[in-house]
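Enquirer:
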Amino acid sequence: QKEVEQDPGPLSVPEGAIVSLNCTYSNSAFQYFMWYRQYSRKGPELLMYTYSSGNKEDGRFTAQVDKSSKYISLFIRDSQPSDSATYLCAMSGGANNLFFGTGTRLTVIP
Amino acid sequence: ETGVTQTPRHLVMGMTNKKSLKCEQHLGHNAMYWYKQSAKKPLELMFVYNFKEQTENNSVPSRFSPECPNSSHLFLHLHTLQPEDSALYLCASSPGGDPSYEQYFGPGTRLTVT
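In order, the protein sequences belong to chains U and V.
Sequential numbering from 1 applies to the first sequence in the numbering used here.
Sequential numbering from 1 applies to the second sequence in the numbering used here.
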């Protein structure tokens, strides 16, 4: 079983739509949860970082962590064409490990 | 230069060649990492260096040899690679020495092994 499962998509939405991206995981020791955004021909950049359960909001982006269900989500409100990228979830239990999902490719159509 | 830089951006090499990838970070961070990114696979953490000391080696084949002469520079020496080693190799840095810290990635080196 993979440590982290993420639907690879691709996902296409019209501009202005609400986007929901999700990952599930199997290791209950994970405490640090991240979302990275990767544009074509670029390295990933950190978008959201949360510790343990709960919600975190930053502008149009909201990250949710549900440790009881081993499920994390990233919501993008009022999506823009500039949000078109691959979104990677990542999580860690500390101790020098970090596990990524395969990434979901998102296209926002003007 | 700002952030994390990597050279070369593209590399084609034969299976008998020896080459090196270079990474430099201008962020004053203490930790640096090498990752492998293959199509439709999760990003794989290969090596972790904290204050120039290697703290993690995730069962990477010996044909990949890292070197970290100081906290700002990281190399990945390559020799006798296999075609399945073709991938995007990403370097990252972070303020602290654990991958759970926020990491800053370079643009990557696209490696093709022929």
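Every residue, glycine too, gets a C-beta built ideally from N, C-alpha and C.
(1) Can you name the residues of chain V whose CB is closer than 7 Å to the CB of U/T86?
(2) Within the 8 Å Cβ cut-off, does U/E57 reach chain V?
(3) Enumerate in chain order the residues of its own chain whose CB-to-CB distance from U/S84 is below 7 Å, with the five nearest sequence positions on each side excluded.
(4) Nearest-angstrom Cα distance between V/K18 and U/I76?
(5) Our contact map puts U/Q38 next to U/T102 with C-beta atoms below 8 Å; I'd like the distance itself, whole angstroms only.
(6) Going along the chain, which residues of its own chain have a beta-carbon closer than 7 Å to the beta-carbon of U/D78, five neighbours each way excluded?
(7) Give a yes or no on whether the C-beta atoms belonging to U/A63 and U/K56 are separated by under 8 Å.
(8) Please confirm if the segment 97-107 of chain V is in contact with the segment 41-53 of chain U, defined as three or more CB-CB distances below 8 Å between the two stretches.
(9) According to DSSP, is V/S94 helix, strand or coil?
(10) Does the pairing of the segment 64-82 of chain V with the segment 4-22 of chain U give three or more beta-carbon distances under 8 Å?
(11) Our contact map puts V/N58 next to V/M46 with C-beta atoms below 8 Å; I'd like the distance itself, whole angstroms only.
(12) Alpha carbons only, please: which of V/D85, V/G96 and V/C91 is nearest the one belonging to V/M13?
(13) With the cut-off set at 8 Å, would you say V/L90 and V/Q25 are in Cβ contact?
(14) Go ahead and label V/M56 buried or exposed: buried means 16 or more other beta carbons lie within 10 angstroms of its beta carbon, across all protein chains shown.
(15) Suppose you measure from the CA of U/N97 to the CA of U/Q31; what does that come to, to the nearest Å?
Expert: On the basis of the supplied data:
(1) If you number the first sequence from 1, residue 86 of chain U lands on position 86. Simply none; closest approach about 10 Å.
(2) Translated into positions along the first sequence, residue 57 of chain U becomes position 57. Taking 8 Å as the threshold, the shortest C-beta distance from U/E57 to chain V does not fall below it.
(3) Position 84 of the first sequence, counting from 1, holds the residue named residue 84 of chain U. So the qualifying residues of the chain are L106, T107 and V108.
(4) As a working note, residue 18 of chain V is residue 18 in the second sequence. As a working note, residue 76 of chain U is residue 76 in the first sequence. Looking at the two C-alpha atoms, the distance is approximately 44 Å.
(5) Position 38 of the first sequence holds residue 38 of chain U. Position 102 of the first sequence holds residue 102 of chain U. In fact, because the Cβ distance is near 12 Å, the residues do not count as touching under 8 Å.
(6) Against the first sequence, residue 78 of chain U aligns to sequence position 78. Contacts found: G16 and R60.
(7) The sequence position of residue 63 of chain U within the first sequence is 63, counting from 1. The sequence position of residue 56 of chain U within the first sequence is 56, counting from 1. The Cβ-Cβ distance between U/A63 and U/K56 falls below 8 Å.
(8) Yes, the segment 97-107 of chain V touches the segment 41-53 of chain U.
(9) Indexing the second sequence from 1 puts residue 94 of chain V at position 94. DSSP places V/S94 in strand when its eight states are reduced to three.
(10) no
(11) As a first step, residue 58 of chain V must be located in the second sequence, where it is residue number 58. As a first step, residue 46 of chain V must be located in the second sequence, where it is residue number 46. The Cβ separation is near 6 Å, so the contact holds.
(12) Here residue 13 of chain V refers to the residue found at position 13 of the second sequence. Minimum Cα distance to V/M13 is reached at V/D85.
(13) Looking up residue 90 of chain V in the second sequence gives position 90. Looking up residue 25 of chain V in the second sequence gives position 25. In this structure, the beta-carbon distance from V/L90 to V/Q25 does not fall below 8 Å.
(14) Locating residue 56 of chain V in the second sequence gives position 56, where the first residue counts as 1. Per the sequence shown, residue 56 of chain V should be read as Glu rather than Met. Burial check for V/E56: the Cβ neighbour count within 10 Å reaches 16 or more, so the residue is buried.
(15) The sequence position of residue 97 of chain U within the first sequence is 97, counting from 1. The sequence position of residue 31 of chain U within the first sequence is 31, counting from 1. When rounded, the distance between both Cα atoms is 11 Å.
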